[in-house]
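One structure is given below, encoded as C-alpha cells.
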Amino acid sequence: MTRYISTIVLLLFFFKIQAQDINKSFVVKQVNTQIEPDGILDEPQWNTAVPATNFWQYFPLDSIQATKQTEIKMLYDNDNLYVGITVYTAGNDYAIQSLKRDFRAGNSDNITLLFDTFNDGNNAFLFGINPYGVRREGLVSGGGLNLNGFTISWDVKWKGDSEIYDGYYTSEMVIPLTAFKFKEGETKWRFNSYRFDTQSNENSTWMNIPQNQNIYGLTFMGDMIFENPLGNYRTPLAFIPYINTIAQEDFELNDTNTTIKVGGDVKIPIGNSMNLDVTVNPDFSQVEVDDQVTNLTRFEVSLPEKRQFFIDNSDLFGSFGGGRDANPFFSRRIGIAKDTADNSIENKIIGGVRLSGKVNKSLRLGFLNLQTEEDLEMNIASNNNTMFALQQTVFGRSNIGMFFINRETLKDYDFQAPEDRYNRVAGVDYNLISDNNVWNGKFYVHKSFAHNAGSKDLSTGAFLQYNSRNWNFFEDLVYLGNDFRSDLGFIRRTDIFKSATMIERIFWPENSALQTHSFQFFPVITWSPDTNFTKTDYDLMGAWESKFKDQSEINIGYSHSYTYLLDEFDPTNTDGAVALPSEVGYHYNNVSIEYQSDGRKRFGFKVEPSYGSFFNGDRFSVQGEMYLRFQPKVFLIMKANYDKITLPAPYSSADIWLISPKIDVTLSKSIFWSTLVQYSNQRDNLGFNSRLQWRFAPLSDLFIVYNDNYFVNVFEPKFRSINLKLTYWLNI
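Numbering-wise, the numbering used here puts 1752 at position 306 of the sequence shown, and it's gapless, one number per residue.
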C-alpha cells in the first residue's frame, strides 16, 4: 500500500512539474545603460536579470531535464533587446562548419532563440549564435510545421559575440527592437530556445517539446514578460544601393560586353509591423548559384528562392495551394523567361514594390508589383507581375487566406499570342493548425482567367495530417483542371486528380542503440479526368526508417510504380534518341538503402544505392555525399549522383553523372571564399562558380564573382563572366 501511495505522489509531482513547465515565463527588466556585446557577461546589469533556465532534453530523450544546462538572461532599453547566454558543456571541443554568418544549426554547437512577437503561434523571428560568435537570423512561418516555413535567408542588422571558457561559453546579443515587428504597448512575447550540443550528443529546449514535433515549432513556447509596455519604435529607413561591373562573354553567340549596373533597394517601415520594400534595377549576381539536379522525370524541378528581395514574409505569398503540384505563386518565375529556342534565360527586372506585414494582431497583408523588361530579339514581352494577399487568423492558430495574381503585358506584341497577353488567378485557402499541433491541414479553391480559356480552370485540394508520438498519417487530394494556368506559379501538370496517402507507425525502443524507427506505407495515385479518369500514374511505396542514438541513420525503401505516357518521352534526354511511345503503360519496381553517418564528426558521408526496373528497361543509381571539416576555416563537400539507364533497342541507354565538389573557406568572420564546381553530362555543362565576399560593414559587402561554363560532350567554352559588386546597407 505504501508503495502505491509513493507512486501516486510521484505521479502527482511529475504532473505538477509538467503543468508548471507549460506556463514557464520570466521577466525582462528595463535598464537605462547600454551593453557592449563582447561575449563577456561582466556588466553589472546582468546581475539584476531574471534567468530563463531548466532546459529540457529534446534528444535523445524528451522526458528529462538537459544534462548540460543553459541560462538565458534578457534586458531591454528604449532601443535594444539585450540577451546574455551561458551555455554549459562537457568540454571545449566544439563542432562548427565555418565562420560564415547564417550557418546551418544541425550537427554543430550553437543556440537559437525564437521570438513570437504577435503571440499568434504562427510566425517568429529567429536569432542564433555559436561558441565562436558566428551569428544567424531567420524567420519561421506556418507554425514551424515543416522546413517550408523556415528560412535563414532573411537579413537584419544586430550585434553579438561569444567567449569560450573551461566547460562553458557565454554569448551576448544586442538586437535592435526595430529588428522585430510587434504591436505597440505589448507586454509579453512568446519565447523558446533550442540548443545543439555535439559533445554531450544532446539537443535541448527551454520549453519541453515532444520529439514528434519540430524543434523550431511554435506550439510549445513560454512567455517573456516586459517590465514595462513596449512603445512605438521607429524602424530606420534602410537604403541599400549597389554598383556592379560585369564583364561577360557568350561563346555561343560570339558576344562580348562589359557593363556597369547601378540600382538598389529601399526598406520603408510602416508602423511597428509592416514594411514597404522598393527595388530599382535589382541585381542578383552575388546570389549563390542553384544546385544542379539530375531529372529523370517528365516534369520541371522546383528550386528554392534565394533572392533577398523576395524572402521577408515569403510565406504570405508562396504558401497558397499545394506546394508540390499546385502552387499559384512561385517568385522564381519573376525574372526568368523563355527565349526563341525555349531555353530559360534571365529576364531583367526594371523595378517594383513589395508591402508586407501585420495590419493588426490577426490580419496580415501582402502586396507585390514588379515590372520586367522586354527583349524583342528573344521575343520576350515586358510584363507587369502583381500579387495581393490577405491572411486572417481564425479559431486560434488557423487562418483563412485570399489572393489575387495578375501577369499582364502592357502593350501588344506581334510575336505574342492573344492567350498570352494576360493570366490571372484568384483563390481562397483555409489553413488548419490545432493548438497542440496534432492536426494540421489545408483546403483551397483557385480559379484562373485567361483569354479564350476553357471552362476547366479550377485548382482545388484538401490536405489533412495527424501527427502523434506513435502514429503519423496524412491524406492529400489535388485536382487541376486541364485549362488551369498560373504563369507566376509552379504547376507540374494539369488534368490530374491525385491522391497521396501516408501511414507511419513509429517506435521508440528502450535500452537500444536505436533512437527511433518507423514503418511507412505511402501510395500516390493519379488519374486524368479528361480521359474518363484513366489511371496515369501510381507509386506504391514502403519504407523502414531508423535513427540511431549516435545520430546515424539507415533507411530501406521499396516502390512499385506505374506510368502511362500521354506523350512521347525519352528518360535519358539524349540528342537524337528514339522516345518511348505515348499511350503505353509501364510497370517497374525499385529497392533502395540509405546510410547516413554521424553528422557531428569532422568527416561524414551519406550514400544511397538503388536498383530496379525503369519503364521498359533497368536503372541502377547511386547518390552520395561526403564532407570534411578543418575547423573553423575550411569546409569541403563532395556530392555525386550516378544513374545507369539500360533500355532495349532502339531506345537509348545512358550513363548520367552529376558531380558537385565545393569548398568554403572562411578567412575570418568578414571574409569568405567559396567555389562550386558542377559537372552534369545530362545538362551538357561543366560549371565553375567562385565567389569572394568581404563584409566590410554590417550587411554591406564587396563581391567578386567568377562564373565559367563549358560544354562537356565536346569540351568547348559556353559562357563566362566576372562581377565586381559593391553593396552598402545604410540606415537613415
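Here a beta-carbon is modelled for each residue, glycine too, at the ideal position from N, C-alpha and C.
Inter-residue Cα distance where the pair is residue i and residue j
i       : j       : result
SER2028 : ASP1976 : 16 Å
ARG1449 : ILE1879 : Confidence at ARG1449 is low in this model, with a pLDDT of 43, below 50, so the placement of that residue is unreliable and no value is reported for it.
TYR2032 : PHE1564 : 52 Å
PHE1909 : GLY1767 : 10 Å
TRP1652 : THR1558 : 11 Å
TRP2103 : ASN2087 : 6 Å
PHE1967 : LYS1995 : 24 Å
ARG1641 : ASN1556 : 6 Å
GLY2110 : ALA1787 : The question names Gly, but residue 2110 in the sequence shown is Asp. Near 36 Å, if we compare the C-alpha coordinates of ALA1787 and ASP2110.
LEU1836 : GLY1803 : 10 Å
LYS1893 : ARG1931 : 9 Å
ASP1736 : THR2121 : 13 Å
THR2018 : PRO1774 : 30 Å
GLY1709 : SER1760 : 22 Å
ALA1541 : ASN1553 : 7 Å
PRO1728 : GLN1694 : 18 Å
TYR1504 : ILE1655 : 6 Å
THR2009 : LYS1944 : 14 Å
ASP2154 : PHE1571 : 38 Å
VAL1474 : ARG1636 : 12 Å
GLU1746 : PHE1776 : 13 Å
LYS2079 : LYS2047 : 16 Å
LEU2026 : ASN1789 : 23 Å
Residue burial classification, residue i (beta-carbon count within 10 angstroms, cutoff 16)
i       : result
LYS1784 : exposed
ALA1946 : buried
ASN1524 : exposed
TRP1502 : buried
ARG1810 : buried
TYR1611 : exposed
LEU1591 : buried
ALA1896 : buried
TRP1973 : buried
ILE1463 : Per-residue confidence for ILE1463 stands at a pLDDT of 38, beneath the threshold of 50, marking its modelled position as unreliable; the derived number appears in the next sentence. Looking at its Cβ environment, which holds fewer than 16 other Cβ atoms inside 10 Å, ILE1463 is exposed.
LEU2113 : exposed
GLY1606 : buried
THR1839 : buried
Beta-bridge pairing of residue i - partner residues as DSSP gives them
i       : result
THR1651 : TRP1502, TYR1640
TYR1611 : TYR1614
ALA1693 : THR1704, ILE2168
GLU1950 : ASN1918, GLN1966
VAL2024 : TYR2097
LEU1816 : GLY1798, ASN1831
THR2064 : Reading off the sequence, residue 2064 comes out as Asp, not Thr. SER2059, THR2092.
GLY2243 : What is shown of the chain runs 1447 to 2178, which leaves residue 2243 out entirely.
TYR1540 : In the DSSP output, where bridge partners are listed per residue, TYR1540 has none listed.
SER2005 : MET1987, ASN2036
SER2120 : ASP2110, ARG2137
Cutoff 7 Å: residue i Cβ touching any chain D Cβ
i       : result
GLU1865 : Here there is only one protein chain, and chain D is not present.
Contacting residues, own chain, Cβ-Cβ under 6 Å from residue i (five flanking each side not counted)
i       : result
LYS1902 : GLY1927, ASN1928, ASP1929
ASN1569 : SER1587
TYR2125 : ILE2105, LEU2132
SER2007 : ASP1985, TYR2034
PHE1850 : PHE1834, ALA1872
ASP2186 : No answer is possible for residue 2186: the residues shown for the chain start at 1447 and end at 2178.
ASP1467 : For ASP1467, the predicted structure reports a pLDDT of 48, less than 50, and the residue's modelled location is therefore unreliable. A value from the coordinates is still provided. Taken in chain order, the residues that qualify are ASN1654.
GLN2139 : PHE2118, ASP2147, PHE2149
ILE1937 : none
PHE2051 : SER2043, MET2072
Cβ-heavy atom distance, residue i to the ligand PLP, below 6 Å
i       : result
ALA1899 : The ligand PLP is not part of the structure shown, which contains no ligands of any sort.
Cutoff 8 Å; reference residue i; Cβ partners in own chain excluding five residues on either side
i       : result
ILE1706 : ILE1689, ASN1690, THR1691, ILE1692
ASN1478 : ASP1523
Cut-off 7 Å between Cβ atoms - residues of its own chain near residue i, not counting five sequence neighbours on either side
i       : result
LYS1514 : TYR1534, THR1535, ALA1536, ASP1643, SER1646, GLU1648
LEU2145 : ASP1601, LYS1603, TRP2175
LYS1752 : SER1599, VAL1733, GLU1734
SER2136 : THR2121, TYR2152
How do the stretch 2036-2047 and the stretch 2056-2065 stand: do at least 3 beta-carbon pairs fall below 8 Å, yes or no? Output reads yes: the stretch 2056-2065 touches the stretch 2036-2047.
Does the pairing of the stretch 1570-1589 with the stretch 1527-1547 give three or more beta-carbon distances under 8 Å? yes
Any contact of the stretch 1844-1851 with the stretch 1815-1825, i.e. 3+ C-beta pairs under 8 Å? With the cut-off at 8 Å, the stretch 1844-1851 and the stretch 1815-1825 do not touch.
Can at least three beta-carbon pairs, one atom from the stretch 1541-1555 and one from the stretch 1674-1685, be found at a separation below 8 Å? Touching, no.
Check whether the stretch 1985-1993 and the stretch 1957-1967 touch, using three or more Cβ-Cβ pairs below 8 Å as the test. yes
Segment contact, 8 Å Cβ cut-off, at least three pairs: the stretch 2093-2102 with the stretch 2062-2074: yes
Would you call the stretch 1615-1625 in contact with the stretch 1483-1497, where contact means no fewer than 3 C-beta pairs closer than 8 Å? yes
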